[in-house]
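Number of protein chains: 2
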Amino acid sequence: MIEDKNQQRTALEKLGEFGLIDHLTKNFEINQKSTIKSIGDDAAVLDFKSKQLVVTTDLLVEHVHFDLSYVPLKHLGYKAVMVNLSDVYAMNASATQITISIAVSNRFPLEALEELYAGIETAAKIYDIDVIGGDTTSSTTGLIISITAIGEIDAKDVIYRSGAKPNDLVVVSGDIGAAYMGLQVLEREKEVFKVNPKNQPDLDHYAYIIERQLKPEARRDIIELLKKLEVKPTSMIDISDGLSSEIMHICKQSEVGVAIYENKIPLDPQVISACEEFNIDSTTIALNGGEDYELLMTISQEDFPKIKGNPNLTVIGYITEKARGMNLITRDEQSVPIIAKGWNSLENQE
Amino acid sequence: MIEDKNQQRTALEKLGEFGLIDHLTKNFEINQKSTIKSIGDDAAVLDFKSKQLVVTTDLLVEHVHFDLSYVPLKHLGYKAVMVNLSDVYAMNASATQITISIAVSNRFPLEALEELYAGIETAAKIYDIDVIGGDTTSSTTGLIISITAIGEIDAKDVIYRSGAKPNDLVVVSGDIGAAYMGLQVLEREKEVFKVNPKNQPDLDHYAYIIERQLKPEARRDIIELLKKLEVKPTSMIDISDGLSSEIMHICKQSEVGVAIYENKIPLDPQVISACEEFNIDSTTIALNGGEDYELLMTISQEDFPKIKGNPNLTVIGYITEKARGMNLITRDEQSVPIIAKGWNSLENQE
Numbered sequence: 001m002i003e004d005k006n007q008q009r010t011a012l013e014k015l016g017e018f019g020l021i022d023h024l025t026k027n028f029e030i031n032q033k034s035t036i037k038s039i040g041d042d043a044a045v046l047d048f049k050s051k052q053l054v055v056t057t058d059l060l061v062e063h064v065h066f067d068l069s070y071v072p073l074k075h076l077g078y079k080a081v082m083v084n085l086s087d088v089y090a091m092n093a094s095a096t097q098i099t100i101s102i103a104v105s106n107r108f109p110l111e112a113l114e115e116l117y118a119g120i121e122t123a124a125k126i127y128d129i130d131v132i133g134g135d136t137t138s139s140t141t142g143l144i145i146s147i148t149a150i151g152e153i154d155a156k157d158v159i160y161r162s163g164a165k166p167n168d169l170v171v172v173s174g175d176i177g178a179a180y181m182g183l184q185v186l187e188r189e190k191e192v193f194k195v196n197p198k199n200q201p202d203l204d205h206y207a208y209i210i211e212r213q214l215k216p217e218a219r220r221d222i223i224e225l226l227k228k229l230e231v232k233p234t235s236m237i238d239i240s241d242g243l244s245s246e247i248m249h250i251c252k253q254s255e256v257g258v259a260i261y262e263n264k265i266p267l268d269p270q271v272i273s274a275c276e277e278f279n280i281d282s283t284t285i286a287l288n289g290g291e292d293y294e295l296l297m298t299i300s301q302e303d304f305p306k307i308k309g310n311p312n313l314t315v316i317g318y319i320t321e322k323a324r325g326m327n328l329i330t331r332d333e334q335s336v337p338i339i340a341k342g343w344n345s346l347e348n349q350e
Numbered sequence: 001m002i003e004d005k006n007q008q009r010t011a012l013e014k015l016g017e018f019g020l021i022d023h024l025t026k027n028f029e030i031n032q033k034s035t036i037k038s039i040g041d042d043a044a045v046l047d048f049k050s051k052q053l054v055v056t057t058d059l060l061v062e063h064v065h066f067d068l069s070y071v072p073l074k075h076l077g078y079k080a081v082m083v084n085l086s087d088v089y090a091m092n093a094s095a096t097q098i099t100i101s102i103a104v105s106n107r108f109p110l111e112a113l114e115e116l117y118a119g120i121e122t123a124a125k126i127y128d129i130d131v132i133g134g135d136t137t138s139s140t141t142g143l144i145i146s147i148t149a150i151g152e153i154d155a156k157d158v159i160y161r162s163g164a165k166p167n168d169l170v171v172v173s174g175d176i177g178a179a180y181m182g183l184q185v186l187e188r189e190k191e192v193f194k195v196n197p198k199n200q201p202d203l204d205h206y207a208y209i210i211e212r213q214l215k216p217e218a219r220r221d222i223i224e225l226l227k228k229l230e231v232k233p234t235s236m237i238d239i240s241d242g243l244s245s246e247i248m249h250i251c252k253q254s255e256v257g258v259a260i261y262e263n264k265i266p267l268d269p270q271v272i273s274a275c276e277e278f279n280i281d282s283t284t285i286a287l288n289g290g291e292d293y294e295l296l297m298t299i300s301q302e303d304f305p306k307i308k309g310n311p312n313l314t315v316i317g318y319i320t321e322k323a324r325g326m327n328l329i330t331r332d333e334q335s336v337p338i339i340a341k342g343w344n345s346l347e348n349q350e
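Residue numbers (UniProt numbering), protein chains in the order written: chain A, 1 to 350; chain B, 1 to 350.
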């Protein structure tokens, strides 16, 4: 599908490696005060004065993390940045810089990479981050994107996964499960397209869940909201692999247990209807779906009045003593152990 | 060849992604004061107080950057770290932390990744750097390694590529061309092995050039030596793509020209004899070979007495006005323009 979109096809080897980097990064602006020297030397130079830094990195591999038959390259560039910024915000930090490395086979013309970088540039502009470096090389097969994100934070503000205490409330931002159901719709349309390429699918009533899959937003707004509400969570993590796997990380590192109420998990109506259509249990999707990039946090009970009624934050359970384990309280008030499946990229691959 | 070396083969999917990361990183020690929180949260947390930071990243792709039929995984892990540290030292900084991401196909058993990480661990120990994070995922084909390295430096000590001035001396550390000739020997042995797998090659008299290819060292010692000699180069870059391409970067960014003396370029006797054996011009190799990870710098003429006679540093030419261009002064005193070929991973690939 990529090939269809581009009238022009410029072979990458025409530019050479340095030419390609110059070409793709020429529009990137530098806005962060901490960026002293960006692309163009052996390394970037940064100055964070008295601030602490957070550093996180992610690798996205074609056919494993994305399928270019239905993911537009511009969206992919945007999402690749979001995946990393989400980890920075999950530390309660401000994202400031990223490096981008790509390996790409010669089946991609220059115009395809321009699309990818246009998405990266849009993300950098909206989230006010500087692209300070990277590496561009060839791959023998598809596209690989490696991003490292850097953020800054006052030492006293860092939020780890390890700070949850018994009786803390478990809070989730936004709603979850949508990105996974969006993926199911896209996968189904891909199969339909194979059989009947002329079919024009009407995806309007899946718009929200498809957007959540293709163009997620990292929740910088939640970090700002928490500051405004004067709530400092006791622990926080972003939901990339699914609620069950993320709450497991918090419980393990905080040495606590948890009770999550099934009927409190925030689901968008499109997720509920898509689950019905696909005949999948919506709680299973919420627990194991992944790629929502919402924030999962624990807050002290005394902070509850500050978040009560806020449409962006939902209390879904509470932290218990470790001995009580991790449990889901079902709609019919049964307590069942939560098993973290999450998303395991090492399974089911060649 | 990898498969032969490992009696035991543990499938990666048995550990899962989190189990794999835990397993591979359990031996990594934290030694840097600036590392506040390492692997195990959404991001690592670092504190550099009043220091500036340098950040650099590199992506290594199987079949493009390395061939596992003759590169032992342990050496590959070591070299992947060196490639990045070399960029940190080229800024005159101290390397402090790295993140490591790998994508790997299921043809690799756990034991192969343990070898790779053993090499990374050795490099981290010797060069006193902390491994603070990373990502582990599957690939549909071979092995991909993405490393981001971080270093610290006082603002006043940073050395850019852009500071060279006319009449400055051009200095190179160690000797160059060896890594490329080591590669030629290894490639030839691979062909011999295909024809006659029982052949036991005697590679003793290629030991130095093969080691330069398989297990290069980043020149931290040169950074320390320069401090001891009280020489602050006016510009510096590491030689990863070949002398001609690196000097071109300095000339371009410093807006100067250069004259390099062919007869001053430091070559190891093994490089000279291998070039004779392969019937290749040794100057061409020195100019375009790459992967030497030596440091190329320019120093003020008044610093010459401080480095004179030092076996680690060789003056190979001088900086000129930009209008005079980039020239090689040949052994017969002809001046020929230097054309930067370097190593272009985007060419000659599928």
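We treat Cβ as the ideally placed atom computed from N, Cα and C, and that holds for glycine.
| query | result |
| --- | --- |
| Partners in chain A for B/R219, counting only beta-carbon separations shorter than 7 angstroms | Within chain A, no residue comes near B/R219; the closest Cβ sits about 12 angstroms away, beyond 7 angstroms. |
| Closest Cα partner of A/R220 within the set A/T320, A/T10 and A/N84 | A/N84 |
| Range covered by the beta strand (DSSP E) that runs through A/M91 | From DSSP, A/M91 is part of no beta strand (DSSP E); its letter is neither H nor E. |
| A/Y261 and A/N167 closer than 8 angstroms at C-beta | no |
| Within-8 angstroms CB hit, A/S138 to chain B | yes |
| Cβ separation of A/T35 and A/I132, assumed to be a contact under 8 angstroms, to the nearest whole Å | 6 angstroms |
| Any C-beta of chain A under 8 angstroms from that of B/I66 | Checking the sequence, you will find Phe at residue 66 of chain B rather than Ile. Output row for B/F66: interface = no. |
| Environment of A/K194 [buried if 16+ CB atoms lie within 10 Å] | exposed |
| Collapsed DSSP secondary structure at A/D4 in the structure displayed | The predicted position of A/D4 is uncertain, since its pLDDT is 46 and thus under 50; a value taken from the coordinates is nonetheless stated next. It is helical. |
| Backbone secondary structure at A/E62 - three-state DSSP | strand |
| Cβ-based burial, B/D22 [other Cβ within 10 Å; buried from 16] | exposed |
| Minimum length 3: unbroken beta strand (DSSP E) runs contained in the region 9-65 of chain B | 35-37, 44-47 and 52-61 |
| Near-chain B residues of the region 29-46 of chain A (beta-carbon distance less than 8 angstroms), N- to C-terminal order | I36, K37, G40, D41, D42, A43, A44, V45 and L46 |
| DSSP three-state assignment for A/D168, whether helix, strand or coil | coil |
| Environment of B/S228 [buried if 16+ CB atoms lie within 10 Å] | The sequence as given places Lys at residue 228 of chain B; Ser does not occur at that position. Exposed. |
| Backbone secondary structure at B/A218 - three-state DSSP | coil |
| Pairwise C-alpha distance: A/A155 and B/K49 | 11 angstroms |
| First through last residue of the beta strand (DSSP E) which encompasses A/A286 | From DSSP, A/A286 is part of no beta strand (DSSP E) but of the alpha helix (DSSP H) over S282 to N288. |
| Meets three-Cβ-pair contact criterion under 8 angstroms: the region 50-57 of chain B and the region 177-194 of chain B | no |
| The region 115-134 of chain B: positions lying closer than 9 angstroms to chain A by Cβ | I132, G133 and G134 |
| is_contact[B/M91, chain A] using C-beta, thresh 8 angstroms | yes |
| Same chain only: Cβ atoms within 6 angstroms of B/V123, ignoring 5 sequence neighbours per side | The question names Val, but residue 123 of chain B is Ala in the sequence shown. Result list for B/A123: Y78 and V81, in chain order. |
| Cβ contact (3+ pairs, closer than 8 angstroms) linking the region 286-298 of chain B and the region 145-155 of chain B | no |
| Segment limits, beta strand (DSSP E) that includes B/I319 | L313 to T320 |
| N-terminal and C-terminal residue of the beta strand (DSSP E) that B/V258 is part of | G257 to Y261 |
| Check whether A/M91 and B/D135 have beta carbons under 8 angstroms apart | no |
| Rounded straight-line distance, which links the Cα of B/S245 to that of A/N106 | 23 angstroms |
| Closer than 9 angstroms at the beta carbon, the chain B residues around A/H63 | S139 and T140 |
| Proximity test, Cβ basis, 8 angstroms: A/L59 and chain B | yes |
| Proximal residues of chain A, C-beta to C-beta of B/F48 below 8 angstroms | F48 and L53 |
| Rounded straight-line distance, which links the Cα of A/D238 to that of A/A286 | 14 angstroms |
| Whole-number beta carbon distance between A/S254 and A/R324, since they are thought to touch under 8 angstroms | Not really, about 13 angstroms apart at Cβ, beyond 8 angstroms. |
| Own chain residues within Cβ distance below 7 angstroms of residue 361 of chain B, not counting five before or after | There is no way to answer for residue 361 of chain B, as the model of chain B reaches only from 1 to 350. |
| Assigned exposure category for B/Q301 - 16 Cβ within 10 Å defines buried | exposed |
| Same chain only: Cβ atoms within 6 angstroms of A/R212, ignoring 5 sequence neighbours per side | A178, A179 and G182 |
| Residues that DSSP places opposite B/N84 in a beta bridge | Looking at the DSSP assignment, B/N84 forms no beta bridge with any residue, so it has no partner. |
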